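In what follows, a single structure is set out as structure tokens and then discussed.
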Amino acid sequence: MNAVTEPIDNLQSLTSLTVENATAALERGFAALKAGQTAFDLRHVLTVDSVAVSVMLAWQRAAQQAGVQLQLNNLPPALQSLTKLYGVCSLLFPTDVKLDTDGVAYRNPALDEFSPVKAPESVFSKKTQVGDDSAHHHH
Numbered sequence: 001m002n003a004v005t006e007p008i009d010n011l012q013s014l015t016s017l018t019v020e021n022a023t024a025a026l027e028r029g030f031a032a033l034k035a036g037q038t039a040f041d042l043r044h045v046l047t048v049d050s051v052a053v054s055v056m057l058a059w060q061r062a063a064q065q066a067g068v069q070l071q072l073n074n075l076p077p078a079l080q081s082l083t084k085l086y087g088v089c090s091l092l093f094p095t096d097v098k099l100d101t102d103g104v105a106y107r108n109p110a111l112d113e114f115s116p117v118k119a120p121e122s123v124f125s126k127k128t129q130v131g132d133d134s135a136h137h138h139h
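Sequential numbering from 1 applies to the sequence shown in UniProt numbering.
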């Protein structure tokens, strides 16, 4: 398969973005950017880990350095939840941050990512109670 003659595939053939293929994915993204591509279609990336976010951020930085706006399109749910988890939605998708034109301070949903996540108390208390349960059982 000759990569030179093959049309740019928008990274559509990428099916995972994990530690195993991070370097290859990075290179492909950089090559696509060099070739003038400014939108990556990630609909087929179904296997991801925390490295995926780093890779996407690196692509964004490379695009900024090249003076272009990179669009990451069709992110599968796994990838979307990772970007939310790491609070980098607004870094990866700057175009989504639409502030009100009058400068009225409406709550910008993109900023929610940065507020601390409060897990329900029950999650922690249930886990800690497991060990104490034996006290309640009469042998």
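The beta carbon of each residue, even a glycine, is placed where N, CA and C say it ideally should be.
Remember, it's a predicted structure, so these values are computed and weren't measured experimentally.
As computed with DSSP, Asp41 is found in a beta bridge with Asn73.
For Leu92, the enclosing alpha helix (DSSP H) stretches over residues Cys89 to Leu92. Taking C-beta atoms under 8 Å as the contact rule, Ala62 and Phe30 qualify, at a distance of about 6 Å.
Residue pairing from DSSP leaves Leu46 without any beta-bridge partner.
Per DSSP, the continuous alpha helix (DSSP H) segment holding Leu26 begins and ends at Ala22 to Lys34.
The beta-bridge partner set that DSSP reports for Leu17 consists of Val48. The residue from Leu26, Leu91, Val88 and Pro77 with its alpha-carbon nearest to that of His44 is Pro77. Rounded to the nearest angstrom, the Cβ distance from Thr38 to Leu82 is 22 Å, too far for a contact under 8 Å. In this structure Ala52 is buried. Its beta-carbon is surrounded by 16 or more other beta-carbon atoms within 10 angstroms. Inclusion of Thr18 and Thr47 in the CB contact set at 8 Å is warranted, their separation being smaller than that value.
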